[in-house]
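Have a look at this one:
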């Protein structure tokens, strides 16, 4: 039981620490996308503006990536709690 809790804690800790870099990466797009959308100058380097100003469905999908990643980490937490309770005989 304790090994499952330690492993789950490490997985949750790594997952939570990766939420911010994943959000930053999904907020950035390649320079080709900013060139296609016609945004030049400082906005092309931040490139998130080019993604936000885009009216395609991919903008919505890319914006949802960090949320789904956080839901995955939440799922890990729930699985660890359920497994620990099952090992203890509570569930």
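Numbering (my numbering), first residue to last: 1 to 91.
Backbone N, C-alpha and C fix where the C-beta goes; we use that ideal spot for every residue, glycine too.
Residue 11 and residue 77 have their C-alpha atoms roughly 9 Å apart. For residue 80, the CB contacts under 6 Å within the same chain, skipping 5 residues up- and downstream, are 8 in chain order.
Restricting attention to 71, 90, 6, the CA atom closest to the CA of residue 18 is found in 71. Taking residue 26 as the centre and dropping the five residues before and after it, the same chain places the C-beta of 62, 63, 65, 66 closer than 8 Å to its C-beta, in chain order. Under the DSSP assignment, residue 56 falls outside any alpha helix (DSSP H); it carries neither an H nor an E label.
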